[in-house]
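Q: I'd like to ask you about the structure that follows.
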Amino acid sequence: MTQQITHTQLEEAVKQSPRKWVYLFSEGNASMRALLGGKGAGVAEMTNAGLPVPPGFTITTEVCNAYYEEQKQFPAGMWDQALAALQIVEAQTGKQFGGRENPLLVSVRSGAKFSMPGMMDTVLNLGINDETVQGLIALTQDERFAYDAYRRFIQMFSKIVLNTNPQDFEHILETYKQRTGAKTDAEIPAQALKELVVEFKQVAERASGQPFPTDVYEQLRKAIEAVFASWNNKRAIDYRNFNKIPHNLGTAVNVQSMVFGNMGSDSGTGVAFTRNPSNGEHEMFGEYLLNAQGEDVVAGIRTPSKISRLHEDLPEVYRQFLEIAKRLEAHYRDMQDLEFTVEHGQLYMLQTRSAKRNARAAIKVAVDMVREGLITPEEALQRVEPAHVYQLLLPRFDEAEKRKATAEGRLLAKGLNASPGAAYGKAVFDADRAEELGKAGVSVVLVRPETSPDDVHGMLVAKGILTARGGATSHAAVVARGLGLPCVAGCEGIRVSDSERLFRVNNSNSVIREGDDISIDGATGEVFQGRIQTVDSDFAREGDLQTLLGWADKVRRLGVWANADYPRDAQRAVAFGAEGIGLCRTEHMFMEQERLPIVQKMILARSPQERQAALDQLLPFQRSDFKGIFSAMVSPTTGEGYPVVIRLIDPPLHEFLPSYEELLVEVTRLETQGGHEAELQEKKAMLEAVGSMREMNPMLGLRGCRLGLLFPEINIMQTRAILEAAAELAREGKKLQPKIMIPLVGHVNELREVRRQLEGVAAEIARESGGAIAYKFGTMIEVPRAAVTADQIAPVSDFFSFGTNDLTQTTFGYSRDDAEGKFLLKYVDGLDVPGQKDKVKILPTNPFQTLDREGVGQLVAMAVAKGRHTNKDIELGICGEHGGDPESIAFCHEVGLDYVSCSPFRVPVARLAAAQAALHQSERDK
Ligand code: ADP
Ligand code: MG
Ligand code: MG
């Protein structure tokens, strides 16, 4: 009856307002996350599923936005709706808010659309004051409980609403524990708690300069406002920036009747995952504390018990909890993260949300749930992030060695696991020194109090990064993840001294000085003294991952190829599931020790004959290189080969020669010393040759197809080596179709001329070996002019491969190394601009990592359209690093490329990302 009347009151209040601002839990559901926040939608869904949830209501995210729009005023009608809803909760619980007899206490809980753990605030036990506390005592006959609830309220309200220093309260609590001989907060006797409440209030009043609010409605209003304020605290803003959560979503506020876990040993509070979040095992994973409330479990005030022990402490509650957990998992069809409280043996559910999990757990849970019939393979594919696949395949520390190091006391400290991967190296304390050593080939781990953009040049060469301060979104963490470097951030167990070039370990006498070996595990946050060997992961033994990628292969449209220069890389790529080589660079083959002198002779040749002699020497080397790569790409059973794209020589020739500066020093030294005539003449000739090849801007100079046009003999030798290798394999019964790729074409005439020359070679070889060898001829699209004139180039080309590294450089006009070293990361991180409070961001992401859709991407799209227009059979792929980046892969799918080619380690990532792109597309097409 009462409920009926008050429901009408809420409806009335809504009618009087411009909008419905307040929803009872019974009025919401899981689909209303944007409006009610994740927490509100979760409790609503549980309420309607008939689970035991303390009654309450949600003030919508729209109120938060309206509150900020209206200069921090509640929007019209909202307060009345909240009061009407509160009356319903009073009726549902039979308690009165502010009542002396049977007082209703509530929690005021934040909750945005996307969970932002620990970023915003929650106040418990609101509605308590000197009068209502008497009501609580009379009702429960438990003075200790009532004053414990009271002191908790003052503590939380002060911290969150009055912005006082939480340490002040901790300090007092500590002295009370000592005075009363209590080992934990739960043992402080009632009388002491009563005195403590008086002291707490004084502290709050002194700190805030105002009397502590006794009016429960004022408490409520202020707590709601504090939750809104917490949406825009610095922590929350940083978190959203990092996780790319929009700032205009707002937070909801949940006002919920309290249940009490601090009512003795048949009460308690806990958190649990429905499966193990670190390995995905199908077992309940969590912790609880008896006689405790709220955050006590996570706050580490007492040591919580493993959830399975609840079976002994409160068997009936445990049974019920397992059943509810199972129901929720089935209901949401995903692993859940649950919060619960037990009051006098009665279980209450306070939160459910889809659980955060690490890479291994994400993959195992997704695959298991398909096996359990909970989700489809397509859904499983969307549950795993491509980054998870990558993380699972990163090198990690040898487990046995790590255990040994721990047993030997070499585990120094533990910080935040800010960027996964494991690394060891010499500790170095400044970026310049790190750069110097790193460039000299020494493994270094850069250790800093915290990093700034001034440290980036050192980070670029380091094997790993360790900082003493800063969180998961600190500069060090963000940059390290961008670079794919292991990083342990915010390692508060160490103190770094820049000036002394060392760090001290807080809990021991250990000191690590510059040059000492350390090992860091970015996946766990552990820091060790000395070296721990790393091991590569074993893809073949990752059964769940293999299963998942098998599903991915059925769904994706894009082919996944790999960039590989050596047979070893090609084999690895095939093992990872690559279906071709999209880029085999040939210049590495020139760099090898025994060959470099021949290459130099070829470059410095004074006559075509001399050059040809050197090239003749190189031919057998190249032929065996190509045979090696091709063989790795031929199936041993069928003899069928995957496609292999070989790029003819690309870099400027001086890269094969000694540096001009060093030669100059040498020549000067020899001249002043005298007596080394022969050596001097040789060096002088070299100096002259190198000098004549010096370029102002080698990246834009004599390289790529330009080289092959000026020195056709090189291209001809390479083509011969490729086709002869293929012919030899054909004689062994192996079918393989090489694809010859010409770099850096900007004008169709360049390609036409190279093609004419190479066709001549092919015809020659066909005559020699008595049969034509099938091959394809194509070009890279990596300068803007090639993209713009793709319709002219396509008829001369069997395939295009987008070289998006160079295309990004030439479209932006950046040289990558200079840009990343000097300004690009600041562009992405944000510039400090005088007079501007916030950093000014120039670019959303590093365009060398994620393809710039709006600029570079437009050129790609244009070349695809124009290329297909004049050559409908043209094969289109990408071989820049973007081919391994999930967001860029989605773009490649959308513009209709045939394949992506990426580094072998990225192949599994690309298989999943390509499948996700296809699923995404079919959802959009629906
Ligand atoms: P967070 O978003 O930080 O997890 P919550 O709003 O979930 O904050 O609150 C934290 C904890 O406070 C909950 O896990 C629960 O233990 C406790 N809590 C919140 N509301 C209530 C309530 N109505 N009754 C009892 N405990 C509550
Ligand atoms: Mg919570
Ligand atoms: Mg290039």
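Positions 137 to 1062 (this note's numbering) are the ones given, in order, by the sequence shown. Ideal placement from N, C-alpha and C gives every residue a C-beta, glycine not left out.
Does the region 484-500 come within contact of the region 520-527, defined as at least 3 CB pairs closer than 8 Å?
A: Flag = yes, the region 484-500 and the region 520-527 touch.
Q: Would you report the Cα separation of Gly949 and Met853, rounded to the nearest angstrom?
A: Position 813 of the sequence shown holds residue 949. Position 717 of the sequence shown holds residue 853. Taking the straight line joining both Cα atoms gives about 33 Å.
Q: Closest by CA to Met256, which one among Glu323, Asp266 and Ala372?
A: Your numbering for residue 256 matches position 120 in the sequence shown. Nearest C-alpha to Met256: Ala372.
Q: Check whether the Cβ of Thr258 lies closer than 7 Å to any heavy atom of ligand 1, and answer yes or no.
A: The residue you call residue 258 lines up with position 122 of the sequence shown. The answer is yes for Thr258.
Q: Let's see if you can read the secondary structure: which residues bound the alpha helix (DSSP H) around Gln758?
A: Locating residue 758 in the sequence shown gives position 622, counting from the first residue. Start and end: Pro744 to Ala768.
Q: Rounded to a whole number of angstroms, what is the C-alpha to C-alpha distance between Ser1039 and Glu864?
A: Working through the sequence shown from its first residue, we reach residue 1039 at position 903. Working through the sequence shown from its first residue, we reach residue 864 at position 728. So the two alpha carbons sit approximately 28 Å from each other.
Q: DSSP on Asp473, reduced to helix/strand/coil?
A: Start at 1 with the first residue of the sequence shown, and residue 473 comes out as number 337. Asp473: strand per DSSP, three-state reduction.
Q: Tell me, to the nearest whole angstrom, how far the beta carbon of Leu684 is from that of Ile499; I am working on the premise that it is less than 8 Å.
A: Indexing the sequence shown from 1 puts residue 684 at position 548. Indexing the sequence shown from 1 puts residue 499 at position 363. Confirmed, Cβ separation roughly 6 Å.
Q: Look at the alpha carbon of Thr587 and the alpha carbon of Val614, and state the distance between them as a whole number of angstroms.
A: Within the sequence shown, numbered from 1, the residue matching residue 587 stands at position 451. Within the sequence shown, numbered from 1, the residue matching residue 614 stands at position 478. Each residue's Cα considered, the two are about 10 Å apart.
Q: Give the DSSP-derived three-state secondary structure of Asn642 in the structure shown.
A: Locating residue 642 in the sequence shown gives position 506, where the first residue counts as 1. Three-state result, Asn642: coil.
Q: Helix, strand or coil for Arg236 per DSSP?
A: Residue mapping note: residue 236 aligns to position 100 of the sequence shown, counting from 1. In the structure shown, Arg236 sits in coil (DSSP, three-state: anything other than H, G, I, E or B).
Q: Report whether the distance from the Cβ of Arg288 to the nearest heavy atom of ligand 1 is below 7 Å.
A: Indexing the sequence shown from 1 puts residue 288 at position 152. The answer is no for Arg288.
Q: Leaving out the 5 sequence neighbours to the left and right, which residues in its chain are closer than 7 Å to Gln748 when beta-carbon positions are compared?
A: In the sequence shown, counting from the first residue as 1, residue 748 sits at position 612. So the qualifying residues of the chain are Glu849.
Q: Relative to the alpha-carbon of Gly164, which residue among Trp157, Ala177 and Thr405 has its alpha-carbon at the smallest distance?
A: For the purposes of this step, residue 164 is taken as the residue at position 28 of the sequence shown. Measuring from the Cα of Gly164, the nearest candidate turns out to be Ala177.
Q: Could you tell me whether any non-hydrogen atom of ligand 1 is closer than 7 Å to the CB of Val453?
A: Position 317 of the sequence shown holds residue 453. No - ligand 1 has no heavy atom lying nearer than 7 Å to the Cβ of Val453.
Q: Of all the options Gly651, Val624, Arg463 and Ser655, which has the alpha carbon lying nearest to the alpha carbon of Arg637?
A: Within the sequence shown, numbered from 1, the residue matching residue 637 stands at position 501. Nearest of Gly651, Val624, Arg463 and Ser655 to Arg637, Cα basis: Gly651.
Q: Between Asn642 and the rest of its own chain, which residues show a CB-CB distance below 6 Å, the 5 nearest in sequence each way excluded?
A: In the sequence shown, counting from the first residue as 1, residue 642 sits at position 506. Closer than 6 Å at Cβ, skipping near neighbours: Gly629.
Q: Per DSSP, what kind of secondary structure is Ala659 in: helix, strand or coil?
A: As a working note, residue 659 is residue 523 in the sequence shown. Three-state DSSP puts Ala659 in coil, outside helix and strand.
Q: In this structure, does DSSP put Leu582 in helix, strand or coil?
A: Position 446 of the sequence shown holds residue 582. The answer is strand: DSSP assigns Leu582 an E or B state.
Q: Val647 bridges to which residues according to DSSP?
A: The residue labelled residue 647 in the question sits at position 511 within the sequence shown. Looking at the DSSP assignment, Val647 forms a beta bridge with Arg640.
Q: Let me check one thing: in DSSP terms, what residues is Gln487 bridge-paired to?
A: Your numbering for residue 487 matches position 351 in the sequence shown. DSSP output for Gln487 lists Glu475 as bridge partner(s).
Q: Flag Val395 as yes when its Cβ comes closer than 7 Å to any non-hydrogen atom of ligand 1, and as no otherwise.
A: Here residue 395 is taken as the residue at index 259 of the sequence shown, counted from 1. Yes, Cβ of Val395 sits closer than 7 Å to a heavy atom of ligand 1.
Q: Put Met916 into one of helix, strand or coil per three-state DSSP.
A: For the purposes of this step, residue 916 is identified with residue 780 of the sequence shown, where counting begins at 1. Reduced to three states, the DSSP call for Met916 is strand.
Q: Any idea which residues DSSP pairs Lys562 with across the strands?
A: In the sequence shown, the residue the question calls residue 562 occupies position 426. Paired residue(s): Val580 and Asp653.
Q: Excluding sequence positions up to five away, which residues of its chain have a Cβ less than 7 Å from the Cβ of Val363?
A: Position 227 of the sequence shown, counted from the first residue, corresponds to residue 363. Taken in chain order, the residues that qualify are Val244, Ser246, Met256, Asp257, Thr387 and Val389.
Q: Hey, how far is the Cα of Tyr424 from the Cα of Glu475?
A: Numbered from its first residue, the sequence shown carries residue 424 at position 288. Numbered from its first residue, the sequence shown carries residue 475 at position 339. Their backbone Cα atoms lie some 10 Å apart in a straight line.
Q: According to DSSP, is Ser673 part of a helix, a strand, or is it coil?
A: On the sequence shown, residue 673 is found 537 positions in, with the first residue counted as 1. Reduced to three states, the DSSP call for Ser673 is coil.
Q: Count the other C-beta atoms from every protein chain shown that fall within 10 angstroms of the C-beta of Val583, then say buried if there are 16 or more, exposed otherwise.
A: Taking the sequence shown and counting its residues from 1, one reaches residue 583 at position 447. Per the 10 Å Cβ criterion, buried.
Q: Check whether the Cβ atoms of Ser673 and Leu528 lie closer than 8 Å to each other.
A: As a first step, residue 673 is located in the sequence shown; it is residue number 537 there, counting from the start. As a first step, residue 528 is located in the sequence shown; it is residue number 392 there, counting from the start. The answer is yes: Cβ separation under 8 Å.
Q: Can you look up Gln277 in the DSSP assignment and give me helix, strand or coil?
A: Start at 1 with the first residue of the sequence shown, and residue 277 comes out as number 141. Of the three classes helix, strand and coil, the one that applies to Gln277 here is coil, per DSSP.
Q: Any chance the CB of Gln228 is under 7 Å from a heavy atom of ligand 1?
A: Stepping through the sequence shown from its first residue, residue 228 is reached at position 92. For ligand 1, not one heavy atom lies less than 7 Å from the Cβ of Gln228.
Q: Identify, in the order they occur along the chain, each residue of the same chain with its Cβ nearer than 7 Å to the Cβ of Asp1034, setting aside the five sequence neighbours on each side.
A: For the purposes of this step, residue 1034 is identified with residue 898 of the sequence shown, where counting begins at 1. Excluding residues within five positions, the ones whose Cβ falls inside 7 Å are Gly695, Glu1011, Leu1012 and Gly1013.
Q: Taking 6 Å as the limit between beta carbons, can you name the residues of its chain near Arg708, skipping five residues before and five after?
A: The residue given as residue 708 occupies position 572 in the sequence shown. Pro1040.
Q: What is the residue span of the alpha helix (DSSP H) that Ser1024 lies within?
A: Indexing the sequence shown from 1 puts residue 1024 at position 888. Start and end: Pro1022 to Val1031.
Q: Closer than 8 Å is the cut-off here; do at least three beta carbon pairs connect the region 506-513 with the region 531-546?
A: No: fewer than three Cβ pairs fall under 8 Å.
Q: Who are the Cβ neighbours of Met137 in its own chain at under 6 Å, not counting the five residues just before and after it?
A: Locating residue 137 in the sequence shown gives position 1, counting from the first residue. The predicted model places Met137 with a pLDDT of 40, which falls under 50 and marks its position as unreliable, so this point remains unresolved.
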